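A.B. asks:
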Amino acid sequence: MTENLTTTSCFTRGIFLKQIEEWIREGAGGVSLAYKCTDRIDLLLQDIFNKVSRPEGLVLIATGSYGRKELAPFSDIDIMVFGTDRTETETAEAMLYKLWDTGLDISHSFRTGRECIEDANDDIKTRTSLLEARYAAGDRNMYDIFRKEVYPDIAYKNQKDFVRKKLKEMQKRHSESGESVLILEPNIKEGEGGLRDVHTAYWLSKVAFRIENMKGFSGHLSPYEYKRFLAAYDFLLKTRSCLHFASQRKNDVLAFDLQKDVAKLLGFRDSLKFTAAERFMRYYYVKSKIIQDISHKLIVKCSKVYAEIRKKTIIQKITDNFTVSAGRLITTNNDFIAESADHILESFYLYSKTGKPFSDNLKENIRSNLLKINKRTRNSPAAVQSFTKILKSSRVYDTLREMHDSGVLGRFIPEFGALRWLVVHEPYHMYTVDEHTMLAIRNLELLKTSQYTNLAHLKSVMNGLESLNMLFMALLFHDIGKAVGRHHEEEGYKRLKNIMERFNFDSRKRARVEFLVKNHILMSRIALKRETDDIEVIAQFADAVEDMENLKAIYLITYADMSAVNRTFFNEWKLYLLEDLYLRTADYLNGIKEDRSEYIKELRSLSHGLDEGKIFSLLEEMPERYMLATTKKKVIEDHILIEQMKKSGFAMRIDKKTESVIEIIITAEDRPGLFSLIVGFLSSKGLNIVAGRIFTGKKGLVIDKISISNWNEVWWEGLQKDLEEGLRNIIVERKPLHVVRRKKTVKSLFNIFVEIDNESSDDYSLVEIFSPDRVGLLYDISDVMYRKDVNIVSARINTDAGLAHDVFYTQIEKKKVDNINAQELIAELWSMLN
287 MTENLTTTSC
297 FTRGIFLKQI
307 EEWIREGAGG
317 VSLAYKCTDR
327 IDLLLQDIFN
337 KVSRPEGLVL
347 IATGSYGRKE
357 LAPFSDIDIM
367 VFGTDRTETE
377 TAEAMLYKLW
387 DTGLDISHSF
397 RTGRECIEDA
407 NDDIKTRTSL
417 LEARYAAGDR
427 NMYDIFRKEV
437 YPDIAYKNQK
447 DFVRKKLKEM
457 QKRHSESGES
467 VLILEPNIKE
477 GEGGLRDVHT
487 AYWLSKVAFR
497 IENMKGFSGH
507 LSPYEYKRFL
517 AAYDFLLKTR
527 SCLHFASQRK
537 NDVLAFDLQK
547 DVAKLLGFRD
557 SLKFTAAERF
567 MRYYYVKSKI
577 IQDISHKLIV
587 KCSKVYAEIR
597 KKTIIQKITD
607 NFTVSAGRLI
617 TTNNDFIAES
627 ADHILESFYL
637 YSKTGKPFSD
647 NLKENIRSNL
657 LKINKRTRNS
667 PAAVQSFTKI
677 LKSSRVYDTL
687 REMHDSGVLG
697 RFIPEFGALR
707 WLVVHEPYHM
717 YTVDEHTMLA
727 IRNLELLKTS
737 QYTNLAHLKS
747 VMNGLESLNM
757 LFMALLFHDI
767 GKAVGRHHEE
777 EGYKRLKNIM
787 ERFNFDSRKR
797 ARVEFLVKNH
807 ILMSRIALKR
817 ETDDIEVIAQ
827 FADAVEDMEN
837 LKAIYLITYA
847 DMSAVNRTFF
857 NEWKLYLLED
867 LYLRTADYLN
877 GIKEDRSEYI
887 KELRSLSHGL
897 DEGKIFSLLE
907 EMPERYMLAT
917 TKKKVIEDHI
927 LIEQMKKSGF
937 AMRIDKKTES
947 VIEIIITAED
957 RPGLFSLIVG
967 FLSSKGLNIV
977 AGRIFTGKKG
987 LVIDKISISN
997 WNEVWWEGLQ
1007 KDLEEGLRNI
1017 IVERKPLHVV
1027 RRKKTVKSLF
1037 NIFVEIDNES
1047 SDDYSLVEIF
1057 SPDRVGLLYD
1067 ISDVMYRKDV
1077 NIVSARINTD
1087 AGLAHDVFYT
1097 QIEKKKVDNI
1107 NAQELIAELW
1117 SMLN
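Encoded structure:
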């Protein structure tokens, strides 16, 4: 097979891939695989070049990943034809046609020496690609001319500008890929700790230190660092080759559905506790973190070459054992850390106090003494005091992050250490469990100084809370139960007992932390799934939190937890729901309850110029929950809308709920299936429905209030008029609705489920549905309910990451759905969803 791969007459992509599979099965390393792939392409190019008419003065130069000998099975092959002038393009084209016939993905260019320099000056990507230029085939004399006369202009001129642009490019790339190594579906090339971080360090080192290849890193790293770096780089290269092979295409994202196949190719197997995919991903994070740390160190070294000359070093004494020198924290005695593990915790407390990073020597001392943090240290009053002072500092997140990255946090609190790089596949979650926890702590701490107006209420609640350090403690431990498995709130609560005893908290603080860990998903569950207009729901939640301090704490914990799920999960609508639940519960706990007579009195003061009789008739006709859910001002506006409807059979208005969420209010005469038609029509217009409330009067009047979260994104000048005309057609003219249905496009790891809960509410059956989302889904669900004579009273619609999680408050003939009807409804919904 090897012979066949060196000639164009026998080379095909299929044969090439079979050879790669053989190498993988034989256990070839990542660098070895990449070199073997590159060597095969080199031989192929040379064979083709030898068969075409090739005058002197023409050379094929490998660039990009092909130039640095880093090819994966489906990588693009970047080549540049370098010549003295463009008259030789016919020869180059003849060769390229032969290459394209092989089925390979070829990216090519033709440049003279002057064009190389001009293009490199004009475009940073071209300059970067040419930095990796390598001889592939053709006239070696021409390649020597390129290296001696052209390459120096590309590599060694305007170096400072090149470094600045590459650093900016890296920051942008990290921001777009999630700003973390610990992402559940990482981009192995572009993400943090990915191959592009290695490339960036390599490019900058070529410019700053003039290294020829990655062996040049050895002069800028310790032998230990260099060895770890090469091993991590080798693993990432092999993982990328296996990922291409598993995907059967060019692909750099380790998606859930591919992780099992990649793990198998890499030789990982299931253990008693973890699947092969989970074991693989934890190992991947170890290697990716090494790449992140050491690449960063190299990049900083390169940057310093072009940094401005600093002023004279100032030494500042912090304690008898610590000073700050050259902006870094150092120990006055090199043996101080080794004397006691308590001193490791003390050093992190000083970091939280000063914000000064550790010197390389201090970092190494901590690393080499890590195993000294043991049971004695965990129960040491000095170590515990240092840690509790960190939680009271102004740098909680930064300090805990450094402790976690260095391994100190997991040694000091092994219950948290069990979460390190832990992969738990849950809907919507983007990060590993430990990274999610770190980001939740960061988001809570940032709230103290937030300037975002939409977070002003949360910020004010935070500023009025006692013992903020207890919130950070609760967040740190809120997911420790996930190391065990399901029902993590209960498991976390059990594991918390030992931790609380070690920290010796008083009973009040201990009770607060235990309450938050045990109930940390309670508020989000109620806000997203339950109807907060229902006083019964508010009463149950108020009973659970017991007092205002617990309510404030769980409100803040819930925000931090939800905002750290992924970059888009927590939005303005969810913020609105949380704040609404907080305010209603606060009123309940404080005994603020507006009675009907006071409500009527204020309503009468707002109704000047209107028919009071009709307004009060509206309240009598509507269900009792209408008054609980509607402000006096909105009752007046609803009355005006109804009067408009009586003239034309339909009326609509749009209210702004938040900066990005609006509510469409529709009044009409009720008829079977009306809500289904309305949501079907609105969905067909690209509107994202997040909630619906249906108020049906005793005489057949209906007020539907439907919340839309993407109004600003889809708005155009004629949108409201278009909606009114369309709704009039289906409600008044009774024209048929044409709903576009699209099969689900998201491959989900999570099973569809349908559940009917008859316990949570005294008056309603809660129908909960979890399914991959698609166009027309909400219409299909509501249509099934209409056909089964199930009346939807209200709905909470949650759609994130291609998954729908919806809850409907329902009745049949103003009663809960009985068991027989419930079974039939579940079967019908299940059939439709599948």
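Each residue of the sequence shown is one higher than the one before, counting from 287 in the numbering used here. Don't be surprised by glycine CBs; every beta carbon is placed ideally from N, CA and C. As the structure is a computational prediction, the values presented were derived from the model and not from experiment.
(1) Would a C-beta distance cut-off of 9 angstroms place valine 449 and glutamine 578 closer than the cut-off?
(2) Using three-state DSSP, classify lysine 603 as helix, strand or coil.
(3) Hey, how far is the Cα of methionine 287 from the Cα of isoleucine 301?
(4) For glutamate 342, does the three-state DSSP call read helix, strand or coil?
(5) Can you list, in chain order, the residues of its chain with a C-beta nearer than 6 angstroms to that of glycine 477? Leave out the 5 residues immediately preceding and following it.
(6) Just list the alpha helix (DSSP H) runs in the segment 859-902, keeping only unbroken ones of 4 residues or longer that don't cross its boundaries, in chain order.
(7) Where do the ends of the beta strand (DSSP E) carrying valine 988 lie?
(8) Using the rule of at least 16 other Cβ atoms within 10 Å of the residue's Cβ for burial, across every protein chain shown, is valine 947 buried or exposed?
(9) According to the neighbour-count rule (16 or more other Cβ atoms, all chains shown, within 10 Å of its Cβ), is aspartate 387 buried or exposed?
(10) Can you tell me whether isoleucine 1038 is helix, strand or coil according to DSSP?
(11) Tell me the DSSP secondary structure of alanine 541 in three-state form.
(12) Let me know the secondary structure DSSP gives glutamate 312 once reduced to three states.
(13) Could you check what DSSP says for asparagine 473 in three-state terms: helix, strand or coil?
(14) Can you list, in chain order, the residues of its chain with a C-beta nearer than 8 angstroms to that of leucine 1013? Leave out the 5 residues immediately preceding and following it.
(15) Check this for me: beta carbons of valine 1076 and isoleucine 1106, under 9 angstroms apart or not?
(16) Check whether the Cβ atoms of threonine 525 and isoleucine 474 lie closer than 9 angstroms to each other.
(17) Measure how close the beta-carbons of leucine 892 and lysine 918 come, nearest whole angstrom, since I'm counting them as under 8 angstroms.
(18) Since arginine 697 sits in a beta bridge, which residues does DSSP pair it with?
(19) Roughly how many angstroms lie between the CA atoms of glutamine 332 and lysine 546, to the nearest whole one?
(20) Hey, would you say valine 493 sits closer than 9 angstroms to tyrosine 570, going by beta carbons?
(21) According to DSSP, is tyrosine 1072 part of a helix, a strand, or is it coil?
(22) Among Phe702, Gly480 and Ala406, whose alpha-carbon lies nearest the alpha-carbon of leucine 782?
(23) Can the beta-carbon of lysine 384 be found closer than 9 angstroms to that of isoleucine 334?
(24) By DSSP, does asparagine 444 sit in helix, in strand, or in coil?
(25) What residue does the beta strand (DSSP E) around asparagine 239 start on, and which one ends it?
(26) Pull up the distance between the alpha-carbon of aspartate 364 and that of glycine 350, whole angstroms please.
(27) May I ask whether a heavy atom of the ligand MN can be found less than 8 angstroms away from the beta carbon of phenylalanine 644?
(28) Taking the alpha helix (DSSP H) that valine 493 belongs to, which residues open and close that run?
(29) Rounded to a whole number of angstroms, what is the C-alpha to C-alpha distance between threonine 1031 and leucine 987?
(30) Rounded C-beta distance between arginine 816 and arginine 664? I'm assuming under 8 angstroms.
(31) Assuming glycine 978 is part of the beta strand (DSSP E), what are its boundary residues?
(32) Over what stretch of residues does the alpha helix (DSSP H) that includes isoleucine 623 continue unbroken?
(33) Give me the residue from Gly613, Gln602, Ser533 and Ala517 with the minimum Cα distance to lysine 573.
(34) In whole angstroms, what is the alpha-carbon distance linking aspartate 1092 and isoleucine 922?
C.D. replies: Based on what the coordinates show:
(1) no
(2) strand
(3) With a pLDDT of only 43 at methionine 287, under 50, the local geometry of the prediction cannot be trusted, and no value is derived from it.
(4) coil
(5) Ser463
(6) 882-892
(7) 987-994
(8) buried
(9) exposed
(10) coil
(11) coil
(12) coil
(13) strand
(14) Phe936, Met938, Ile952, Ile964 and Phe967
(15) no
(16) yes
(17) 5 angstroms
(18) None, per the DSSP bridge assignment.
(19) 38 angstroms
(20) no
(21) helix
(22) Phe702
(23) yes
(24) coil
(25) With the chain covering 287 to 1120 only, the question about residue 239 has no answer from this structure.
(26) 6 angstroms
(27) In the structure shown, the ligand MN is absent, as is every other ligand, since no ligand is present at all.
(28) 481-494
(29) Residue confidence is low: threonine 1031 scores 48 on pLDDT, short of 50, so the model does not pin down where it sits. No coordinate-derived value is stated.
(30) The pair is not a contact, with the Cβ atoms about 40 angstroms apart (cut-off 8 angstroms).
(31) 975-982
(32) 622-625
(33) Ala517
(34) 31 angstroms
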